[in-house]
Amino acid sequence: MEYTLVKQEAGERIANDICEAIRSGILKPGDKLQGEAELARICNGSIYNVRKALSRLKKDQVVHSVPKVGVFISEQPAAVFSDPEQRGAPDTAGFVPEISENTVHFLTAFNPFLAGCWNFVAETFRERVPFASVSIDFGNAPDVMSPPDIWECSSPFHKYQYEDMDAFDFSGFQDDSIALLSPKVIQFMNSADLLLYNPGLLDKLGFPAPSWRTFDEQLDYLDAVITETGKHMDFVIPGTIQQPLMRLDHYFYKIFADIRRSHFFRMEQFIEKHEDSFRKVTAFWKKFAISHPKQAEKNLANFIDGKTPFFFGDSFYYGRAKQRIDFECYPMLDVENRLETHASSLLLSTHTEYPVEAMRFLKHLQSSPVQRRFAERGLLPLRKQDFASLPFTHGRELFDTVQDASFFFHSQEEQYIGMNIINIELWDCILFGKGIHEALQNSLNLSKLYLKMKLDKAVKSKHENQAEIYS
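Each residue of the sequence shown is one higher than the one before, counting from 17 in my numbering.
Shown next as structure tokens:
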């Protein structure tokens, strides 16, 4: 794949470092190399880079593996020593001075359809910033043995980033050119919940393309189309990858605030205040038994195969589906009539060895050329002037109403209560018929239990630290 370009270069650098250590006598035939994680740390790369380096060295017979023991320097590494060098004379033929580069290690979620975008990011960064490059790894969580310098978090299901790496605090940092979501969270892109639709099937069912301005208008249209869809034996009910919590969107912040101060009011007041919103974001999906996101691939296949007029997707699934069929999309609105947009954020590790290069890379990611490249794939750029690159032909006026603050979790507490408590209760209402009052009661009680356990753990840790200091 295209994005392997930078990884291969980093692997070559590590292989050359090992060869140089052999030439200088630091490593000798029979010596055992360190493990992959330790080599990645020593050579300032990733485990993937180390594996690429070792693969090349094994091919050149510089090193060899002993199963379940490790990797060793071979007896006569022919690829390391040339004849002139073995006689003590340096081989200067074809010598090209090597320019040292500081490599920023960046971790992003794995979305194959964005591979070309990341290759563009790596190449343009190297062109714009002399003596610097970026190593891009794909995964859902950082390797604790080889933590990244910068980590992108685009999924609400990621274990909350603050718990996985020490993030740099930008408080008091005088540089307005870096767009922030909070003192520790850097903006990258936004994704939107989108209704993917097949215009031909809608026309066959007797409906125009979607067009709405409020959440209620949205539900009325969807209800009418899916009711008609159910009357046709050759069609199936549309599927979804969308999460019900995201239909609450910014309203979730109000619920979370009430949970934090729940000792000031009764359970009945909490239920009365929020039951209408809970009902709005579940009733339609419950009525038609809209399927669980765990069936996302099957749901998408039904849409691609023309078996259903809709797919409840997002910016990422828009890009995936566009590679296979032609269709249109329309933005989804949340319970407060806002566009459902979710922030894809970045974190800068306090442990980076290259803070200046990392800062330059962050600015590069937020630059218009990079933002426009991702916008072409359906992601929302940070600046309105870059929206012209979006591929959407319908609902453009709604995209122009996008607020500066997209939805994101400010803390681990928000993330856990949102995704592991409230989102699950909403799914229980949709899939298993749980009552709204019971869901709200569970949401409050389980959230209070979680917060109490967090507080007890924090107090215990504080006491243990004090005891250690004064012991």
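Just so it is clear, CB atoms sit at the ideal spot from N, CA and C, and this is done for glycine as well.
Cα-Cα separation between residue i and residue j, rounded to whole angstroms
i, j, result
"Lys-338", "Arg-389", "16 angstroms"
"Pro-309", "Gly-329", "10 angstroms"
"Gln-259", "Asp-321", "24 angstroms"
"Thr-298", "Ile-306", "10 angstroms"
"Thr-245", "His-380", "46 angstroms"
"Ile-433", "Asp-76", "53 angstroms"
"Phe-223", "Asp-239", "12 angstroms"
"Arg-263", "Pro-347", "12 angstroms"
"Ile-452", "Asn-353", "21 angstroms"
"Tyr-334", "Leu-212", "7 angstroms"
"Gln-311", "Gly-255", "8 angstroms"
"Leu-467", "Phe-425", "16 angstroms"
"Ile-38", "Asn-118", "23 angstroms"
"Asn-32", "Leu-362", "32 angstroms"
"His-350", "Lys-270", "Before going further, note that residue 350 is Asp rather than His in the sequence given. The straight-line gap from Cα to Cα measures roughly 14 angstroms."
"Ala-421", "Lys-48", "52 angstroms"
"Ala-125", "Asp-232", "34 angstroms"
"Glu-91", "Lys-44", "8 angstroms"
"Lys-470", "Ala-148", "42 angstroms"
"Met-249", "Ile-242", "13 angstroms"
"Ala-195", "Met-375", "12 angstroms"
"Ile-34", "Ser-81", "15 angstroms"
"Ser-171", "His-358", "9 angstroms"
"Ser-71", "Asp-192", "44 angstroms"
"Val-386", "Leu-130", "12 angstroms"
"Phe-294", "Thr-230", "17 angstroms"
"Lys-450", "Glu-288", "17 angstroms"
"Arg-67", "Ser-187", "38 angstroms"
"Leu-465", "Ser-278", "12 angstroms"
"Glu-54", "Glu-429", "33 angstroms"
"Lys-220", "Lys-302", "26 angstroms"
Short Cβ contact (7 angstroms threshold) for residue i with residue j
i, j, result
"Val-150", "Phe-122", "yes"
"Ile-152", "Trp-134", "yes"
"Asn-65", "Ile-30", "yes"
"Leu-440", "Leu-462", "Per the sequence shown, residue 440 should be read as Ile rather than Leu. It is not a contact, given that the beta carbons lie outside the stated cut-off."
"Phe-300", "Leu-235", "yes"
"Leu-406", "Ala-391", "yes"
"Val-87", "Val-79", "yes"
"Ile-63", "Ala-69", "no"
"Asp-265", "Phe-423", "yes"
"His-290", "Leu-447", "no"
"Pro-325", "Leu-460", "no"
"Phe-343", "Asn-214", "yes"
"Phe-408", "Asn-127", "no"
"Gly-51", "Ala-26", "no"
"Phe-304", "Ile-341", "no"
"Val-120", "Asp-182", "no"
"Asp-402", "Ser-427", "no"
"Leu-355", "Leu-414", "yes"
The ligand MG heavy atom lying under 6 angstroms from the CB of residue i
i, result
"Leu-396", "This structure lacks the ligand MG; in fact it carries no ligand of any kind."
N- and C-terminal bounds of the beta strand (DSSP E) containing residue i
i, result
"Ala-305", "Careful: Ala-305 lies outside any beta strand (DSSP E) and carries neither H nor E."
"Gly-132", "Not the beta strand (DSSP E): Gly-132 falls in the alpha helix (DSSP H), residues 131–144."
"Glu-168", "166–169"
"Asp-330", "326–330"
"His-426", "Looking at the DSSP string, His-426 is not in any beta strand (DSSP E), and its letter there is neither H nor E."
"Leu-406", "Premise fails: Leu-406 is in no beta strand (DSSP E) and is neither H nor E."
"Asp-153", "148–154"
"Leu-395", "Looking at the DSSP string, Leu-395 is not in any beta strand (DSSP E), and its letter there is neither H nor E."
"Phe-88", "86–89"
"Leu-196", "196–198"
"Ser-81", "79–82"
"Phe-122", "118–124"
Host alpha helix (DSSP H) of residue i (start-end)
i, result
"Asp-444", "439–448"
"Val-66", "63–75"
"Glu-413", "412–415"
"Ala-312", "312–320"
"Leu-55", "52–58"
Could you pull out every unbroken alpha helix (DSSP H) segment of at least 4 residues lying fully inside the segment 212–300, listed in chain order? As far as the segment 212–300 is concerned, its whole alpha helix (DSSP H) runs of at least 4 residues are 215–221, 231–245, 260–264, 267–276, 283–296.
Counting Cβ pairs closer than 8 angstroms, one from the segment 362–377 and one from the segment 266–279, do we hit at least three? Judged by Cβ distances under 8 angstroms, the segment 362–377 makes no contact with the segment 266–279, as fewer than three pairs qualify.
Which runs of the beta strand (DSSP E) at least 3 residues long sit entirely within the segment 337–387? Give them in chain order. Listed in chain order, they are 344–347, 357–364.
Using 8 angstroms as the Cβ pair cut-off and three pairs as the minimum, do the segment 200–212 and the segment 387–407 touch? By the Cβ criterion, the segment 200–212 is in contact with the segment 387–407, since at least three pairs of Cβ atoms, one from each stretch, lie closer than 8 angstroms.
Take every Cβ of the segment 283–290, pair it with every Cβ of the segment 313–320, and state whether three or more of those distances are shorter than 8 angstroms. No, the segment 283–290 does not touch the segment 313–320.
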